Amino acid sequence: MDFDIYFERILNYYNAPTIRELSEKINISASTISAWNQRKSITILKKKCRELGIYNEIFGDLNSKINVHTNSGQIAGTVQGKQEQKINYKEEEYIIPETILDDINILFKLAIENQKEDDLIDLIDEFIFNTKKELRKK
């Protein structure tokens, strides 16, 4: 997990451009928040987000998953009933945590901003291919 991504999400959630402003909004000293930032402590971020009631907004709902079911060569993915997408593929069932999807979205956004989306897709394809090859050896 990348601490900086989640820390940025907290700043954005509270519309606080600085640690000082964030500290005022959540009633925690700026020096304490700076210490979390210096240590890159995701554990404390998660704990505080739970206490503040914003865990799902920052880290994603761990209960939110994408369920993918096989249907004669096609799979239909549903995200908590909010979206349905049909993809040609053939596997049984996958459960992808929303936090993983958030990370992938952030990665693609950065790739697009830097005009590297084709490179990213190639890397992902290569990773999947190599992973499947390794798993078949076992």
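So for the sequence shown, the working numbering puts the first residue at 68; every next one is plus one.
Each residue gets a CB set at the ideal place from its N, CA and C atoms; glycine is no exception.
If you're wondering where the values come from, they're calculated on a predicted model, not measured in any experiment.
How about residue i and residue j: do their beta carbons lie closer than 9 Å?
i	j	result
residue 97	residue 89	yes
residue 71	residue 127	no
residue 112	residue 77	yes
residue 115	residue 95	yes
residue 93	residue 81	yes
What residue does the alpha helix (DSSP H) around residue i start on, and which one ends it?
i	result
residue 97	97-106
residue 181	No alpha helix (DSSP H) holds residue 181; DSSP gives it neither H nor E.
residue 109	109-119
residue 94	Run containing residue 94: none; DSSP gives neither H nor E here.
In three-state terms, what does DSSP make of residue i?
i	result
residue 162	strand
residue 83	coil
residue 200	helix
residue 154	Because residue 154 sits at a pLDDT of 45, beneath the cut-off of 50, its placement in the model cannot be relied upon, and the following sentence gives the value as read from the coordinates. Three-state result, residue 154: strand.
residue 192	helix
residue 69	coil
residue 172	helix
To the nearest angstrom, how far is the alpha carbon of residue i from that of residue j?
i	j	result
residue 85	residue 205	50 Å
residue 120	residue 190	37 Å
residue 203	residue 83	49 Å
residue 123	residue 176	21 Å
residue 164	residue 171	11 Å
residue 109	residue 117	12 Å
residue 199	residue 181	29 Å
residue 87	residue 174	29 Å
residue 196	residue 104	37 Å
residue 69	residue 186	21 Å
residue 201	residue 183	27 Å
residue 106	residue 192	34 Å
residue 79	residue 162	28 Å
residue 179	residue 188	11 Å
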